[in-house]
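Residue numbers (UniProt numbering), protein chains in the order written: chain A, 1 to 525; chain B, 1 to 525.
2 protein chains.
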Amino acid sequence: MTLEGKMLIGQQAVPGQRDAIHAINPATNAQLEPAYFGGTREDVEQACELAWAAFDGYRETALEARAGFLETIADEIEALGDALIERAVAESGLPQARIQGERGRTCNQLRLFAKTVRAGEWLDVRVDPAMPERQPMPRADLRQRHIALGPVAVFGASNFPLAFSVAGGDTASALAAGCPVIVKAHSAHPGTSELVGRAIQAAVKRCALPEGVFSLIFGSGREVGQALVANPRIKAAGFTGSRSGGLALWHIAQSRPEPIPFYAEMSSINPVFPLPAALEARGANLGEAFVGSLNMGAGQFCTNPGLVVAIKGPALDDFIAAARQAVETSASQTMLTPGIHQAYENGMQQLANSDKAREIARGRQGDGPNQCQTALFVTSASDFLGDESLQAEVFGSTSLVVECSDAEELQRVAERLEGQLTATLLMDDADLDAARALLPVLERKAGRILVNGWPTGVEVCDTMVHGGPFPATSDVRTTSVGTAAILRFLRPVCYQGLPDALLPEALKASNPLALKRLVDGQREA
Amino acid sequence: MTLEGKMLIGQQAVPGQRDAIHAINPATNAQLEPAYFGGTREDVEQACELAWAAFDGYRETALEARAGFLETIADEIEALGDALIERAVAESGLPQARIQGERGRTCNQLRLFAKTVRAGEWLDVRVDPAMPERQPMPRADLRQRHIALGPVAVFGASNFPLAFSVAGGDTASALAAGCPVIVKAHSAHPGTSELVGRAIQAAVKRCALPEGVFSLIFGSGREVGQALVANPRIKAAGFTGSRSGGLALWHIAQSRPEPIPFYAEMSSINPVFPLPAALEARGANLGEAFVGSLNMGAGQFCTNPGLVVAIKGPALDDFIAAARQAVETSASQTMLTPGIHQAYENGMQQLANSDKAREIARGRQGDGPNQCQTALFVTSASDFLGDESLQAEVFGSTSLVVECSDAEELQRVAERLEGQLTATLLMDDADLDAARALLPVLERKAGRILVNGWPTGVEVCDTMVHGGPFPATSDVRTTSVGTAAILRFLRPVCYQGLPDALLPEALKASNPLALKRLVDGQREA
Numbered sequence: 001m002t003l004e005g006k007m008l009i010g011q012q013a014v015p016g017q018r019d020a021i022h023a024i025n026p027a028t029n030a031q032l033e034p035a036y037f038g039g040t041r042e043d044v045e046q047a048c049e050l051a052w053a054a055f056d057g058y059r060e061t062a063l064e065a066r067a068g069f070l071e072t073i074a075d076e077i078e079a080l081g082d083a084l085i086e087r088a089v090a091e092s093g094l095p096q097a098r099i100q101g102e103r104g105r106t107c108n109q110l111r112l113f114a115k116t117v118r119a120g121e122w123l124d125v126r127v128d129p130a131m132p133e134r135q136p137m138p139r140a141d142l143r144q145r146h147i148a149l150g151p152v153a154v155f156g157a158s159n160f161p162l163a164f165s166v167a168g169g170d171t172a173s174a175l176a177a178g179c180p181v182i183v184k185a186h187s188a189h190p191g192t193s194e195l196v197g198r199a200i201q202a203a204v205k206r207c208a209l210p211e212g213v214f215s216l217i218f219g220s221g222r223e224v225g226q227a228l229v230a231n232p233r234i235k236a237a238g239f240t241g242s243r244s245g246g247l248a249l250w251h252i253a254q255s256r257p258e259p260i261p262f263y264a265e266m267s268s269i270n271p272v273f274p275l276p277a278a279l280e281a282r283g284a285n286l287g288e289a290f291v292g293s294l295n296m297g298a299g300q301f302c303t304n305p306g307l308v309v310a311i312k313g314p315a316l317d318d319f320i321a322a323a324r325q326a327v328e329t330s331a332s333q334t335m336l337t338p339g340i341h342q343a344y345e346n347g348m349q350q351l352a353n354s355d356k357a358r359e360i361a362r363g364r365q366g367d368g369p370n371q372c373q374t375a376l377f378v379t380s381a382s383d384f385l386g387d388e389s390l391q392a393e394v395f396g397s398t399s400l401v402v403e404c405s406d407a408e409e410l411q412r413v414a415e416r417l418e419g420q421l422t423a424t425l426l427m428d429d430a431d432l433d434a435a436r437a438l439l440p441v442l443e444r445k446a447g448r449i450l451v452n453g454w455p456t457g458v459e460v461c462d463t464m465v466h467g468g469p470f471p472a473t474s475d476v477r478t479t480s481v482g483t484a485a486i487l488r489f490l491r492p493v494c495y496q497g498l499p500d501a502l503l504p505e506a507l508k509a510s511n512p513l514a515l516k517r518l519v520d521g522q523r524e525a
Numbered sequence: 001m002t003l004e005g006k007m008l009i010g011q012q013a014v015p016g017q018r019d020a021i022h023a024i025n026p027a028t029n030a031q032l033e034p035a036y037f038g039g040t041r042e043d044v045e046q047a048c049e050l051a052w053a054a055f056d057g058y059r060e061t062a063l064e065a066r067a068g069f070l071e072t073i074a075d076e077i078e079a080l081g082d083a084l085i086e087r088a089v090a091e092s093g094l095p096q097a098r099i100q101g102e103r104g105r106t107c108n109q110l111r112l113f114a115k116t117v118r119a120g121e122w123l124d125v126r127v128d129p130a131m132p133e134r135q136p137m138p139r140a141d142l143r144q145r146h147i148a149l150g151p152v153a154v155f156g157a158s159n160f161p162l163a164f165s166v167a168g169g170d171t172a173s174a175l176a177a178g179c180p181v182i183v184k185a186h187s188a189h190p191g192t193s194e195l196v197g198r199a200i201q202a203a204v205k206r207c208a209l210p211e212g213v214f215s216l217i218f219g220s221g222r223e224v225g226q227a228l229v230a231n232p233r234i235k236a237a238g239f240t241g242s243r244s245g246g247l248a249l250w251h252i253a254q255s256r257p258e259p260i261p262f263y264a265e266m267s268s269i270n271p272v273f274p275l276p277a278a279l280e281a282r283g284a285n286l287g288e289a290f291v292g293s294l295n296m297g298a299g300q301f302c303t304n305p306g307l308v309v310a311i312k313g314p315a316l317d318d319f320i321a322a323a324r325q326a327v328e329t330s331a332s333q334t335m336l337t338p339g340i341h342q343a344y345e346n347g348m349q350q351l352a353n354s355d356k357a358r359e360i361a362r363g364r365q366g367d368g369p370n371q372c373q374t375a376l377f378v379t380s381a382s383d384f385l386g387d388e389s390l391q392a393e394v395f396g397s398t399s400l401v402v403e404c405s406d407a408e409e410l411q412r413v414a415e416r417l418e419g420q421l422t423a424t425l426l427m428d429d430a431d432l433d434a435a436r437a438l439l440p441v442l443e444r445k446a447g448r449i450l451v452n453g454w455p456t457g458v459e460v461c462d463t464m465v466h467g468g469p470f471p472a473t474s475d476v477r478t479t480s481v482g483t484a485a486i487l488r489f490l491r492p493v494c495y496q497g498l499p500d501a502l503l504p505e506a507l508k509a510s511n512p513l514a515l516k517r518l519v520d521g522q523r524e525a
């Protein structure tokens, strides 16, 4: 498939009219063809009108048809073959094996949502049968189901050019919920976006769905992104990216005449707490393994362990010594974009210049452009508690160890943390009491709590929570990864006294979808 | 029990220091004793600190203990006996039978939430067992449950001094979720608030819960209300009231360093659509019954039918004629407060002065103060479509009939409506196609759709949705009435690789709470 450099609005390929966007191969700084000219407000408007026209039909598609659509998207993505892998590698600087794995995750994710759609639990069907004889007032027949919110705007993320971009988790969960999707492509990987967008476009056609179910727009965040979130046809949005970018769009979503849910996954430093007995037993091993997690994807994971909090002493010294050695032998890695690399250098330099943080080690310097040099810093708990800027995320493989004088100070550091995607305990049996004391704090701080694992590596499954208190996300009640992500794009509707002929399939008396309903307070078996 | 005129902060009774608040008996304009002196920011801070201290313990109470607490509150409210009824009647001007019924609803609501707490579905427990042999990567043991958001601020509503005030739906659902609650009492019924607050306070003590689980503060919205929503210890808020009041607090909630969910139930005109065959068959009956619904509670229900949309012609004329007669013979009713009465008079006068609305009938004028005079107006669809101000809620028993020239124009009126709590179809079998055409529009506009019923009268049950798109509420994803209201105060947390000894009860391998979990994608029977 030849890249055309065009937006996809419904079934059309539309050339943009604004400034040209060129992907840059971050490994070489070479500019990649073709140019993607940015869209206008009118393009956004057209995509939104198409999505709106598609909405009422798409949200009532049969579960099997909708599941089949998601599976068809996965098939079409796989059918892109090596062209997709090559383009994504060139645009992201990520290794081929990583991109291949991410394609697998993306397609599995779509197929998992297909399974979720078929199971129908997300409809949350409830029935309170009529009680015509009840005194003093009869009760009408009452039924509830969930319906889709409306067209959803999705902002592609730079760090997962497949799994959290055009056909990523936000898109998959919104489509699963019955919402048409308009993706604002990330300017770092327009070619990858076009390829995946064409796969979705083809799936829409193959499944004979209304064309407005999917559109893909290129352009600046300022013009296209803001117009998209402000458009009255858009009823929710999903975003993964920086705190400043997320908050700017979030403010637009809240300032509309009709405010809408805006799901921004923004910043997290993912604290790791090696507890005393674990440190004592295997401090050096943990220190080495920690750097392995820190270096994954050049530290460009949302769940990268940017903070270690532990009680100081010989065992922590062993951890730090092993980590130092691992950092010093860390090869440099290509970062996603020149902008991300520059921000990383600035963040690392700020720590290096701080009189509150002591540099322990740096990794090898790379030869090419945009190389991420691993770095490790240490600070004291009192300095950390006194300086909020030490909690700022440095997006890349830099981490900070906070040395606490005792368990009480460690607890205070935990209480002072901002909201996080994850919090990790490294523990042995003898640490159980310490872990029990920390757990309530971590539950309040993070969406996912790990024991003896590393936060990088997010399983796509029913139980995953990739979310957490602000500023990790803008909405603590949700997850952006895993099947529960579908709930973000649904709302309950109650139907009172409707004749069976007027009821939607999910609510008809004969229960044609064979759902396990909550009837009169009892869950059907 | 003698009223003391004091705030309840934990187990203490605390005198306020700001301006005195006196309840007014709206039937007589007489001032009621005692004075309730308003609280300060320091009082708010103290209540928030107590709530915070109580939070970790209260959110982990055993299901049975928490359910028992809710039932104890209901028992304590009933134990207040006639004193509560008399005070609520005096402060609200509502008839005794209505207040007695509302007490029943309030206590039933608490007991229904107790049942919901015991059933434990709200925990939404999910398990993805470990797959240590999986290739290329093993899967850790992953579990998910819902936990409480944190301390919740509740704003008592004027129009349900029991069922949506101190121990009303917001409080019951937040306590059920495991959130401590701080209520800002509505200044229209401080004595009722104190009585119910003391009942909750007594229940906290009887159940040996941490005192910060409940506090009750009096004072101005500007000082106390805003301080409450802005306090960093508060993690969500529930509000029922005016659009301007709701939006002002909502903006504070969104402008905090850490924005929080703010559930405001604000304004709705609850359109009723009498369809042609139903009008033809029983236009006069429907017109009379409509006024019965319009007059309920002096029109001071959130679900009051403030709009009728139908196709003009002789059948609609019959409806209007019968409604006119019913309005003209409507007795006046005492409104809740002088302020609400004044706003009603202004709103009705604005319609009377409008050159777009024609006055059809007014009800009887009352003798006493604060009397609500029922009123009915008619407008054309073209005028309605051209003037958004005709959609403004007039809180009280005034309604507007919109005459459409045909089904297509009726559809356009439906499409132009703002978000609503309810939408009602009055239909016969022959109206089925017309109803089918309207249903998708109404699903997008309202949280509850009724057929051949009246929107006033909100059943407290599993299926109820008392919610809807903005401006009916600030969060379309939720309901403030019914058991699903508990979901507003919860968030998911994922536990990865935790040893069984560290897992919360709900997630332990032996499933001690006997929950029907989602295990590996399958719901347990």
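Backbone N, C-alpha and C fix where the C-beta goes; we use that ideal spot for every residue, glycine too.
What is the rounded straight-line gap between the Cα of residue i and the Cα of residue j?
| i | j | result |
| --- | --- | --- |
| histidine 186 (chain A) | valine 152 (chain A) | 16 Å |
| glutamate 49 (chain A) | glycine 212 (chain A) | 8 Å |
| leucine 518 (chain B) | valine 127 (chain B) | 6 Å |
| glycine 225 (chain A) | valine 308 (chain A) | 36 Å |
| residue 531 (chain B) | glutamate 258 (chain B) | In the structure displayed, chain B extends from 1 to 525; residue 531 (chain B) sits before or after that span and is not available. |
| serine 474 (chain A) | threonine 422 (chain A) | 15 Å |
| aspartate 406 (chain B) | proline 499 (chain A) | 24 Å |
Ordered along the chain, which non-local residues of its own chain (more than five positions away) have a Cβ less than 6 Å from that of residue i?
| i | result |
| --- | --- |
| phenylalanine 113 (chain A) | Leu70, Ala172 and Ala176 |
| residue 527 (chain A) | A query on residue 527 (chain A) cannot be resolved here, the shown segment of chain A reaching from 1 to 525 and no further. |
| glycine 287 (chain B) | Phe319, Ala322 and Ala323 |
On the criterion of 16 or more Cβ atoms from any shown chain inside 10 Å, does residue i qualify as buried, or is it exposed?
| i | result |
| --- | --- |
| serine 158 (chain A) | buried |
| aspartate 367 (chain B) | exposed |
| threonine 337 (chain B) | buried |
| threonine 483 (chain B) | buried |
Pull the bridge partners of residue i from the DSSP assignment, please.
| i | result |
| --- | --- |
| alanine 236 (chain A) | A:Val152 |
| leucine 307 (chain B) | B:Pro271 and B:Leu400 |
| methionine 131 (chain A) | A:Arg139 |
| phenylalanine 214 (chain B) | B:Val181 |
| histidine 146 (chain B) | B:Pro492 |
Would you mind telling me which residues of chain A sit closer than 7 Å to residue i, beta carbon to beta carbon, in chain order?
| i | result |
| --- | --- |
| proline 440 (chain B) | Asp56 |
| alanine 435 (chain B) | Leu502 |
Sorted by chain position, which residues of the same chain lie with C-beta nearer than 7 Å to residue i's C-beta, five sequence neighbours on each side aside?
| i | result |
| --- | --- |
| serine 330 (chain A) | Val291, Asn295, Gly363, Arg364 and Thr374 |
| leucine 216 (chain B) | Met7, Leu8, Val166, Val183, Ala185, Ser193 and Gly197 |
Within the same chain, show all residues whose beta-carbon is closer than 8 Å to that of residue i, passing over the 5 residues directly before and after it, in chain order.
| i | result |
| --- | --- |
| residue 526 (chain A) | The structure shown does not extend to residue 526 (chain A), since chain A is modelled only from 1 through 525, so no value can be given for it. |
| alanine 236 (chain A) | Leu149, Gly150, Val152, Ala153, Ala174, Cys179, Ile260, Pro261, Phe262, Tyr263, Arg488 and Phe489 |
Could you name the residues of chain B that residue i contacts, counting a contact when the two beta carbons are closer than 7 Å?
| i | result |
| --- | --- |
| proline 261 (chain A) | Arg477 |
| arginine 126 (chain A) | Asp462 and Thr463 |
| glycine 38 (chain A) | Those do not exist, as glycine 38 (chain A) stays about 30 Å from chain B at its closest Cβ, beyond 7 Å. |
| proline 499 (chain A) | Val451 |
Give the interface partners of residue i over in chain A, defined as CB-CB distance under 9 Å, in chain order.
| i | result |
| --- | --- |
| glycine 447 (chain B) | Arg491, Pro492, Val493 and Cys494 |
| alanine 361 (chain B) | What alanine 361 (chain B) touches in chain A: nothing, since even the nearest Cβ is about 28 Å away. |
For a contact meaning CB atoms closer than 7 Å, what does residue i contact in chain C?
| i | result |
| --- | --- |
| arginine 66 (chain A) | You won't find chain C in this structure, because its protein chains are A and B. |
Starting from residue i, find everything on chain B with Cβ-Cβ shorter than 8 Å and list it in chain order.
| i | result |
| --- | --- |
| leucine 149 (chain A) | Val476 and Arg477 |
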